[in-house]
Amino acid sequence: MEVKLLDLIPQHEKIKDEIHRAVDQVFNSQQFILGPSVDRFEKSMESYYGVEHAVGTASGSDAILLSLMALGIGPGDEVITTPYTFFSTVSSIVRVGATPVFADIDPRTFNIDPEKAASAFSERTKAVIVVHLFGQSVEMDQFTEIAAERGVFIVEDACQSIGALYHGKRCGMFGDVGCFSFFPSKNLGGPGDGGMVITDSSDIADRIRALRMHGEEEKYKHKYVGINSRLDALQAAVLEVKLRYLEEWNRARRLNASRYEKAFSGLRGITPPFIEEYNESTFNQYVIRTPRRDEMRAYLTDKGIGTAIYYPVPLHCQECFSFLGWERGRLPESERAADETLALPVYPELGIQKQNYVIKTITEFLDKRSL
């Protein structure tokens, strides 16, 4: 049996007629850059999140970059964040001329540890980027308290956690800005790159709207040196359709995760994801921990089961960031997670038969190796 890590075709088959109608409307209008479809999707996201402003961008990476630009973060500033995350979380800090300062993760949740982040503050700290990794919220109460005491901005990298809840409130609503990605593999994925920033600040939203248009507030009049980062109308039209199904798909992912949890609980040699009782994860990835990660992955691959490793090289160990002076060994939990974690199939349309095959194969692997 073949089980892909992610199969987007079954999802598309169910809604393709709606998608095609939405795309046809854009082609019939010939308005491909911003325009009505982007406006509608931005308003839908404002309604879904209950925020004042949602601003579409060309990618989740640009959503973070534009947020830092809009907050005025630049040379001489420090931004605290996690090394166990996607590259753009940290590259965005470097691109605005600021200095990333890393704080290690909680080994249970893989999210940035609030106490370790607090100890990383200096008089140069201007912001914290918290990453709601794999679909589970960071401990936001602690971070909002720290930020209020220190007078710094909070940027929420919610690119993997659209719809996730922390004490009943959606991720992305706690900080000064919340950033999202609509990369095709995300829970809400478009047919290409796309992103968004949400905020309750009119000033921040206005700056991001200008910055995504080369810093232009009115045609040919540039207040800032911005970039070209607009959400395409075709992307917005597709995402507007898919947003209606997001909660259904997130529930299906949680159901699949609960089946894994029941099957893996008590097994030696594997640690399923730990979800805080007050969190509702969206399981953008279902990530287990095992000391024989590479061996298990090879076994699953041989049996036709797709897996992925997020992230095999923590960002403080990346060659391009060597100038920051961080050495291997300084952030042990991030490094251990990079060596031991493995993502399993969890997409909504996975189905019981395929999921049982994944569970059976992992159980066989563990039994053969008597872990």
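Quick note on numbering: the sequence shown equals residues 166 to 536 in my numbering. We treat Cβ as the ideally placed atom computed from N, Cα and C, and that holds for glycine.
_Integer-rounded CB distance, given that Thr290 should sit under 8 Å from Arg315_ = Right, their Cβ atoms sit about 7 Å apart.
*Is Gly239 near Gly262, with beta carbons less than 7 Å apart?*
yes
*Taking contact to mean at least 3 C-beta pairs separated by less than 8 Å, is the segment 344-356 in contact with the segment 222-229?*
Touching, per the Cβ criterion.
*Is DSSP giving Glu382 helix, strand or coil here?*
In the structure shown, Glu382 sits in a strand (DSSP, three-state: E or B).
*Check whether the segment 493-509 touches the segment 266-274, taking contact to mean three or more Cβ pairs, one atom from each stretch, closer than 8 Å.*
yes
*Look at Lys388 and Ala375 and say whether their C-beta atoms are less than 7 Å apart.*
yes
*Could you tell me which uninterrupted alpha helix (DSSP H) segments, each at least 4 residues in length, are contained entirely in the segment 272-319, listed from first to last along the chain?*
The segment 272-319 contains these whole alpha helix (DSSP H) runs: 279-283 and 305-315.
*Output yes or no for whether 7 Å exceeds the beta carbon distance between Ala219 and Arg372.*
no
*asked:* On the CB-based measure, 16 or more other CB atoms within 10 Å of its CB, does Pro438 come out buried or exposed?
replied: buried
*asked:* Judging by CA-CA distance, which residue of Leu330, Gly241 and Ala370 is the nearest neighbour of Glu441?
replied: Leu330
_Is any non-hydrogen atom of the ligand MN found closer than 6 Å to the C-beta of Ile270, if you look at the structure I gave you?_
In terms of ligand content, the structure shown is empty, and the ligand MN therefore cannot be addressed.
_Cβ contact (3+ pairs, closer than 8 Å) linking the segment 283-297 and the segment 319-326_ = yes
*Counting only the same chain and skipping the five closest in sequence on each side, list residues whose C-beta sits under 6 Å from that of Ala282.*
Ile245 and Ala268
_Would Ala402 and Val188 be called neighbours here (beta carbons separated by less than 7 Å)?_
yes
*Tell me Asn444's beta-bridge partners as DSSP assigns them.*
Tyr331
*Three or more beta-carbon pairs under 8 Å between the segment 245-258 and the segment 195-210, yes or no?*
no
_Residues near Leu173 by beta carbon distance below 7 Å, same chain, minus five either side_ = Pro349
*In chain order, what residues of the same chain lie with their CB nearer than 6 Å to the CB of Glu183, ignoring the 5 residues before and after it?*
Val406
_Can you find the residues in the same chain that come closer than 7 Å, C-beta to C-beta, to Tyr522, ignoring five residues on each side of it along the sequence?_
Met166 and Val168
*asked:* If the criterion is Cβ atoms closer than 7 Å, does the pair Gln190 and Ala398 meet it?
replied: no
_Sub-7 Å separation of Val511 and Tyr464 beta-carbons_ = no
*Going by Cα to Cα distance, which pick from Thr506, Glu178, Glu382 and His379 is closest to Thr472?*
Thr506
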